[in-house]
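Notes to accompany the following structure.
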Amino acid sequence: KRNQKIILEQSGKWNIKNFSLFHRDLEKLREGIGEKLSIFIYLLMSFVIAVVCSFIYGWKLTLVICSCAPIIVISAAVAAEMQSKMTERELKAYSKAGSVAEEVLGSIRTVIAFGGEKKELVRYEDRLAPAETCGKKKGIYSGLGGGTMYMIIYCCYALALWYGITLILDDRDKDDKDYTPAVLIIVMFGVISGAQNLGFTAPYIETFSTACGSAVSIFNVIDR
Numbered sequence: 023k024r025n026q027k028i029i030l031e032q033s034g035k036w037n038i039k040n041f042s043l044f045h046r047d048l049e050k051l052r053e054g055i056g057e058k059l060s061i062f063i064y065l066l067m068s069f070v071i072a073v074v075c076s077f078i079y080g081w082k083l084t085l086v087i088c089s090c091a092p093i094i095v096i097s098a099a100v101a102a103e104m105q106s107k108m109t110e111r112e113l114k115a116y117s118k119a120g121s122v123a124e125e126v127l128g129s130i131r132t133v134i135a136f137g138g139e140k141k142e143l144v145r146y147e148d149r150l151a152p153a154e155t156c157g158k159k160k161g162i163y164s165g166l167g168g169g170t171m172y173m174i175i176y177c178c179y180a181l182a183l184w185y186g187i188t189l190i191l192d193d194r195d196k197d198d199k200d201y202t203p204a205v206l207i208i209v210m211f212g213v214i215s216g217a218q219n220l221g222f223t224a225p226y227i228e229t230f231s232t233a234c235g236s237a238v239s240i241f242n243v244i245d246r
């Protein structure tokens, strides 16, 4: 009975102390094995299939465009990562303000009885200030990141059109033409769109690594 009492006390302390952390780990694990996994597979396979098809249609033009692909991937990854982090901060700030509103509405009679409407309103506005700041920063970073990414993409379009037209003009006297305007469009849009999708996978990789770390603690609790 003494050992049972000690075990119950320890389990009770664990539940009170770590239940919120356990719930947070479950949410992170759910994000890692939910719809984000299917979106990640779609983005990755779209890049692989686009590159393979482009090499089949025209390997010379594909190699030239692939030389610009790392720049597109990095710019898209940075833009997506900044937007994801700023959105997460903004949602956290809104959740804090929402908890204040929920608390006040739950005890609205007491608040009115003591005349605390203005005080609670000021407290709610103070909690909303970080959300406003995060929203402004998110807009600035999204504009700069998106503008830089599309500037690089349009430069790659210009390079692909210049070199692709050169290849088309070289093959114009041949009976069996390797490069046509159709091949140029297929290769150009395939590689550049695939590289852009590959860059968008960066936030999902971070989500999967976080989910793996959370899964370790969850399975430790299950084993215990």
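In this text, residue positions in the sequence shown follow the numbering used here: the first is 23, and each later residue adds one.
Glycine included, each C-beta is placed from N, C-alpha and C at the ideal position.
DSSP state of residue i mapped onto helix, strand, coil
i    : result
D195 : coil
F136 : coil
D200 : coil
G165 : helix
G80  : coil
G157 : helix
G54  : helix
Exposed unless 16 or more other CB atoms sit within 10 angstroms - verdict on residue i
i    : result
I130 : exposed
P225 : buried
G235 : exposed
L85  : exposed
F136 : exposed
Boundaries of the alpha helix (DSSP H) in which residue i is found, first to last residue
i    : result
T109 : A91 to G128
G221 : P203 to G221
D245 : A224 to D245
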